[in-house]
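Chemist: Sequence order for the protein chains is A and B. Using numbering that gives the first Met the number 0, the letters of the first sequence map in sequence onto residues 0 to 332. Using numbering that gives the first Met the number 0, the letters of the second sequence map in sequence onto residues 0 to 512. For glycine and all other residues, C-beta sits at the position ideal for the given N, C-alpha and C.
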Amino acid sequence: MKSLTTALGLVCLASMATAESHATDKPVLSVLTYDSFTSEWGPGPAVEAAFEATCGCDLQFVGAGDGAALLARVQLEGGQSDASVVLGLDTNLTAQAAATGLFASHGVTAPNALPVAFDDPLFVPFDWGWFAFVYETAKLPTPPRSFPELAASDLKIVIQDPRSSTPGLGLLMWVKAAYGDKAPELWADLADNIVTVTPGWSEAYGLFLEGEADMVLSYTTSPAYHLIAEEDAGKAAAAFDEGHYMQVEVAAKLASAPQPELADQFLAFIATDAFQSVIPTTNWMYPAYPTAETLPEGFEQMIAPQTSLLLSAEEAFALRTQALDEWRAALSR
Amino acid sequence: MARRPVTLIAGGLAAVLLALLLAPLAVLGLRADSVALSGADLAALRFTLLQAAVSALLSVLLAVPVAKALARRRFVGRGALISLLGAPFLLPTIVAVLGLLTVFGRSGWVNDLLGALGLPQVSIYGFHGVVLAHVFFNMPLAVRMILQGWQAIPAERFRLAASLGFGPAETARHLEYPMLRAVLPGAALVIFGICLTSFAVALTLGGGPRATTVELAIYQALRFEFDLGAAARLALLQLAICALAFALATRFTVPSAFGAGKDAAGGPPAPAGWRRGADGVCLLLAGLFVMLPLLAIALRGLPGIMTLPPQVWAATLRSVVVALASTVLAMGLAVTLALAAARTRRVWPGLVATLPLAASSLVLGTGLFLIALPLTRPADLALPVTVLVNAMLALPFVYRVLAPEARSLEADYGRLADALGMIGFARLRWLILPRLARPLGFGAGLVAALSMGDLGVIALFASEQGATLPLLVQRLIGAYRMDTAASAALLLVSLSFALFWAFDAGGRRYAAS
């Protein structure tokens, strides 16, 4: 059983490699968030530095997969989480989140800068964006201007599965908000345009960049990444006449928060310039609160839809099962 | 005679393994009162079974001629080709899918070629695309397993056949068919098992919700509906299907009985004529099928490989440590269980070693998370749990590679070793290690590389600091950095392959010495 001893040794070594420094005496504020927020390329590092400069605490982000995984994680942990704040749910999930009773109300009163009225006792918005189909301008000089135009064209699109991805769920709600009872017909018309449905945003966007589809479901701000970070002006988002469905990403304090005061302080910090100015070029979304500076150069080239669609959290939750069944039935034919 | 220690240890390990497989289901709240499956679940079950069965049969059938050609031909680059056959199996899903699409996609090489020739385009999306991807992943693995079988036929038997005037047809009937009866059911079983829990590949290439698998239904239940009981029921269903498939494969398996040889050099006869040409074509097609997507991945990742960000290297180190630890653990388990199966001639070691195939890594991860939660911070356990789960998920493959040879070893040398009183460590050192070096090396290579690439449970446990290389690739893609991700993925693939090659070649060299 020498091999087992060696294995155990290696396991110990491996856990030592992850052990975090608990050397500081400062109180630790643990924030549960999705992976791409806390990654080296997301807003996490800059937000952490800015908050730690004022709070006298140690801010630790804990990554937990994507937005949907976050809520599952909170529910798994019940009231026993180390985390005081959860950051990264969207409004398609907040009704379900509120129903768990695991979240506490916040005291943030600063007026937000969302294009629609948004006031929730539990959830503080931290950024938002419009869903849109992104395409390459060189390959598609005249993009479709509505869902029916898209459905009538022979353009190929890649979308995400609403059963495993939050953008996928967003598209489902977009179609539902714009077409209501006519949604099943629209999905049936769209069926032959859909190259494939991917489990998450990453696969869909990757497929689009590899040239597998003419358009991909993403955000109106996705072209800003290519423009600003890659100096590639060749991507654009198609403006749809129906209006664009919004994704509002929110944060909330857990009722069981080990650090309730720090959690309140962090939620208030979200509404400040130090947090908001990081968002555009790291999360590639719009700030949810006014910033001192205007948006970075390049964002002015993004489309600004006239109509913003957003179902209330309760409506979105109530419609989900039916919308999913319609979607599955239309695309399974 | 009293039971041997190895059997007792194997029994203990099997019990622990079973507990690790079933405890997560139990904590997820498995209740027997509501076993009804919805219409959507049944449709998912039908699709899952169909694609897994077709993928497994096709992979194994296509692998036979390739393995035969490899067994009887000698050519420059043969060793490299055999090594490369391990590669597709080790690719992280998203990397493999993008590689396949570069070749077979709408704007891929195949369609470019067809377009240039004025031929109609082919679409990879649909049932055939799912099967194509699964064959790409698994046919090379099947080739390696079957090749192992060919190499295990003692050279004396082929010489005897030649001196009796056997032609290729008689050799096939008397020597190769029995070997295939011993190897094929097991190979088909593991491939069926892997495809059973396929989720991202099936959905992405399947073209839409028609291609929903049970694993996706589990994902949906866990992530969006938080219906833990439903997830546990579906996971149990997967395990039950796997157990059924195991029973079926066991029924069809007829152990070969070639007896021991003198380890003389020389493989099966290599007939000239049209068979030579056919073997060449076969190897060329298989080589292209495996190599082209790999080439696409390499071309995509190469430009950025020198400018990878520093975080990548820390993640790489973590991944290698995890991979090596998983290898030691899985090999310990597999050797013990394979030897116990060979000695006792019972089916339980095989069943326990096969079940992890159908374990949903999502359910496993969630269950372990719930078990760990009251005890410690889950993030502190990220890497140990990853090591454990990787070892468990890799066990079925190693076991499948080891079991047939451990059985022949016991049949051929067991009584002699007993008579000589060669037991315990001496038996391991002087009989088992030298005679099983080849499958041990291949098996260890598989676990190491699989553990490098596996994302399985780490996403649930990982914190800010503890990212492994696959998780980092995922994060890079999530941050739009597709080029950097492609380079990091190439690094991941190269390292997995290097680990695989080091163990595999090491085993082959040790066996030859």
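Among A:Leu-28, A:Tyr-33, A:Val-46 and A:Thr-32, whose alpha-carbon lies nearest the alpha-carbon of Thr-365 (chain A)?
Modeler: No answer is possible for residue 365 (chain A): the residues shown for chain A start at 0 and end at 332.
Chemist: Within the chosen definition, does the segment 223–230 of chain B reach the segment 219–237 of chain A through at least 3 CB pairs nearer than 8 angstroms?
Modeler: no
Chemist: For Met-172 (chain A) and Leu-310 (chain A), which I take to be in contact (beta-carbon distance under 8 angstroms), what is that distance rounded to the nearest angstrom?
Modeler: Residue mapping note: residue 172 (chain A) aligns to position 173 of the first sequence, counting from 1. Residue mapping note: residue 310 (chain A) aligns to position 311 of the first sequence, counting from 1. About 6 angstroms separates the two Cβ atoms, so the contact holds.
Chemist: Output needed in chain order: residues of the segment 311–324 of chain A with a Cβ under 8 angstroms from some Cβ in chain B.
Modeler: none
Chemist: Buried or exposed, going by whether 16 or more other CB atoms sit within 10 Å of the CB of Thr-108 (chain A)?
Modeler: As a first step, residue 108 (chain A) must be located in the first sequence, where it is residue number 109. It counts as exposed.
Chemist: Can you tell which of A:Phe-316, A:Thr-306, A:Leu-261 and A:Ala-315 has the C-alpha that lies nearest to the C-alpha of Ser-83 (chain A)?
Modeler: Position 84 of the first sequence, counting from 1, holds the residue named residue 83 (chain A). Nearest of A:Phe-316, A:Thr-306, A:Leu-261 and A:Ala-315 to Ser-83 (chain A), Cα basis: A:Leu-261.
Chemist: Tell me the start and end of each unbroken beta strand (DSSP E) in the segment 390–442 of chain B that is at least 3 residues and wholly inside, in chain order.
Modeler: none
Chemist: Does Pro-42 (chain A) come within less than 7 angstroms of chain B when only Cβ atoms are used?
Modeler: Locating residue 42 (chain A) in the first sequence gives position 43, counting from the first residue. For Pro-42 (chain A), no CB of chain B lies under 7 angstroms from its own CB, so it is not counted at the interface with that chain.
Chemist: Quick check on the burial criterion: 16 or more other C-beta atoms within 10 angstroms. Buried or exposed for Met-0 (chain B)?
Modeler: Against the second sequence, residue 0 (chain B) aligns to sequence position 1. Note that Met-0 (chain B) scores 40 on pLDDT, short of 50, meaning its location in the model is unreliable and no value can be drawn from it.
Chemist: Which residue comes first and which comes last in the alpha helix (DSSP H) that contains Tyr-204 (chain A)?
Modeler: Within the first sequence, the letter at position 205 stands for residue 204 (chain A). In the DSSP assignment, Tyr-204 (chain A) falls within the alpha helix (DSSP H) that extends over 200–208.
Chemist: What are the residues in the segment 188–203 of chain A lying within 7 angstroms of chain B by C-beta distance?
Modeler: If you check each beta-carbon in the segment 188–203 of chain A against every beta-carbon of chain B, the ones closer than 7 angstroms belong to Ile-193, Val-194, Thr-195, Val-196, Thr-197, Pro-198, Ser-201 and Glu-202.
Chemist: So, with DSSP's three-state summary, where would you put Phe-198 (chain B)?
Modeler: Your numbering for residue 198 (chain B) matches position 199 in the second sequence. Of the three classes helix, strand and coil, the one that applies to Phe-198 (chain B) here is coil, per DSSP.
Chemist: Just the C-alpha distance for Phe-117 (chain A) and Asn-111 (chain A), rounded to the nearest angstrom, thanks.
Modeler: Taking the first residue of the first sequence as position 1, residue 117 (chain A) is located at position 118. Taking the first residue of the first sequence as position 1, residue 111 (chain A) is located at position 112. When rounded, the distance between both Cα atoms is 8 angstroms.
Chemist: When the Cα of Glu-241 (chain A) is compared with those of A:Tyr-178, A:Leu-154, A:Thr-141 and A:Ala-48, which residue comes out closest?
Modeler: Residue 241 (chain A) sits at position 242 when you count from the first residue of the first sequence. For the residues A:Tyr-178, A:Leu-154, A:Thr-141 and A:Ala-48, the minimum Cα distance to Glu-241 (chain A) belongs to A:Tyr-178.
Chemist: Cutting at 8 angstroms between CB atoms, please list the residues of its own chain near Gln-120 (chain B), excluding the five before and the five after it.
Modeler: For this step, residue 120 (chain B) is matched to residue 121 along the second sequence. If we look at Gln-120 (chain B) and ignore the five residues flanking it on each side, its Cβ neighbours are Arg-105, Asn-110, Leu-113 and Gly-114.
Chemist: Between Val-96 (chain B) and the rest of its own chain, which residues show a CB-CB distance below 8 angstroms, the 5 nearest in sequence each way excluded?
Modeler: Sequence index remark: in the second sequence, residue 96 (chain B) carries index 97 (1-based). Same-chain partners within the cutoff: Ala-132, Ala-199, Val-200, Thr-203 and Leu-204.
Chemist: Closest Cβ-Cβ distance between Ala-199 (chain B) and chain A: below 7 angstroms?
Modeler: In the second sequence, counting from the first residue as 1, residue 199 (chain B) sits at position 200. Taking 7 angstroms as the CB threshold, Ala-199 (chain B) lines the interface with chain A.
Chemist: Taking beta-carbon pairs under 7 angstroms, can you tell me which members of the segment 476–504 of chain B lie near chain A?
Modeler: Only those residues of the segment 476–504 of chain B whose C-beta falls short of 7 angstroms from the nearest C-beta of chain A are listed: Ile-476, Gly-477, Ala-478, Tyr-479, Arg-480 and Met-481.
Chemist: Report buried or exposed for Val-309 (chain B), applying the criterion of at least 16 other Cβ atoms within 10 angstroms of its Cβ.
Modeler: Within the second sequence, residue 309 (chain B) is the residue found at index 310, counting from 1. Per the sequence shown, the amino acid found at residue 309 (chain B) is Pro instead of Val. That one is exposed.
Chemist: Can you find a CB in chain B that lies within less than 7 angstroms of the CB of Leu-208 (chain A)?
Modeler: Taking the first sequence and counting its residues from 1, one reaches residue 208 (chain A) at position 209. At least one chain B Cβ lies under 7 angstroms of Leu-208 (chain A).
Chemist: Which term fits Trp-186 (chain A), buried or exposed, when burial requires 16 or more other beta carbons within 10 angstroms of its beta carbon?
Modeler: Reading the first sequence from its first residue, position 187 is the one you call residue 186 (chain A). Trp-186 (chain A) should be labelled buried.
Chemist: With Val-213 (chain B) as the anchor, note down where its beta strand (DSSP E) starts and where it stops.
Modeler: In the second sequence, counting from the first residue as 1, residue 213 (chain B) sits at position 214. Run containing Val-213 (chain B): none in the beta strand (DSSP E); it sits in the alpha helix (DSSP H), 213–222.
Chemist: So what does His-243 (chain A) bridge to, in DSSP terms?
Modeler: What you label residue 243 (chain A) is simply residue 244 of the first sequence in a count that begins at 1. The partner list for His-243 (chain A) (beta bridge, DSSP) reads A:Ser-307.
Chemist: For Leu-408 (chain B), I'd like the list of residues in its chain whose CB is within less than 8 angstroms of its CB, leaving aside the five on either flank, ordered along the chain.
Modeler: Taking the second sequence and counting its residues from 1, the one referred to as residue 408 (chain B) is at position 409. Result list for Leu-408 (chain B): Ala-341, Leu-430, Ile-431, Arg-434 and Leu-435, in chain order.
Chemist: Would you mind listing the alpha helix (DSSP H) stretches within the segment 262–327 of chain B that are 4+ residues and don't spill past its ends, in chain order?
Modeler: 273–300
Chemist: Using 8 angstroms as the Cβ pair cut-off and three pairs as the minimum, do the segment 480–487 of chain B and the segment 298–305 of chain B touch?
Modeler: A contact is defined here as three or more CB-CB pairs under 8 angstroms, and the segment 480–487 of chain B meets this definition with respect to the segment 298–305 of chain B.
Chemist: From what residue to what residue does the beta strand (DSSP E) around Gly-62 (chain A) run?
Modeler: Within the first sequence, residue 62 (chain A) is the residue found at index 63, counting from 1. From DSSP, the beta strand (DSSP E) with Gly-62 (chain A) extends over 57–62.
Chemist: So with CB distances below 9 angstroms, who are the chain A contacts of Ser-106 (chain B)?
Modeler: Within the second sequence, residue 106 (chain B) is the residue found at index 107, counting from 1. Simply Glu-209, Gly-210 and Glu-211.
Chemist: Out of curiosity, what's the CA-to-CA distance linking Ala-63 (chain A) and Lys-138 (chain A)?
Modeler: Residue mapping note: residue 63 (chain A) aligns to position 64 of the first sequence, counting from 1. Residue mapping note: residue 138 (chain A) aligns to position 139 of the first sequence, counting from 1. When rounded, the distance between both Cα atoms is 37 angstroms.
Chemist: Where does Leu-36 (chain B) fall in DSSP's three states?
Modeler: Within the second sequence, residue 36 (chain B) is the residue found at index 37, counting from 1. Annotated three-state conformation of Leu-36 (chain B) is coil, per DSSP.
Chemist: Leaving aside the five residues before and after Gly-185 (chain B) along the sequence, list all residues of the same chain whose C-beta is less than 8 angstroms from its C-beta, in chain order.
Modeler: By one-based count along the second sequence, residue 185 (chain B) stands at place 186. Within the same chain, and ignoring the five residues on either side of Gly-185 (chain B) in sequence, the residues whose Cβ sits closer than 8 angstroms to its Cβ are Met-144, Ala-248, Thr-252, Arg-399, Ala-402 and Pro-403.
Chemist: Closer than 6 angstroms by C-beta to Ala-328 (chain A): which residues in its own chain qualify, once you throw out the five before and the five after it? Chain order, please.
Modeler: Numbered from 1 along the first sequence, position 329 holds the residue referred to as residue 328 (chain A). Excluding positions up to five away in sequence, the list is empty.
Chemist: Would you check if there are 3 or more beta carbon pairs closer than 8 angstroms linking the segment 30–43 of chain A to the segment 84–96 of chain A?
Modeler: yes
Chemist: Please state the DSSP three-state secondary structure of Arg-327 (chain A).
Modeler: The sequence position of residue 327 (chain A) within the first sequence is 328, counting from 1. The answer is helix: DSSP assigns Arg-327 (chain A) an H, G or I state.
Chemist: Does the segment 97–106 of chain A come within contact of the segment 196–203 of chain A, defined as at least 3 CB pairs closer than 8 angstroms?
Modeler: They do not touch, by the three-pair rule.
Chemist: Near Gly-78 (chain A), what residues of its chain come up, given a Cβ to Cβ distance below 6 angstroms and the 5 sequence neighbours on each side ignored?
Modeler: For the purposes of this step, residue 78 (chain A) is identified with residue 79 of the first sequence, where counting begins at 1. These residues qualify, in order along the chain: Ser-255.
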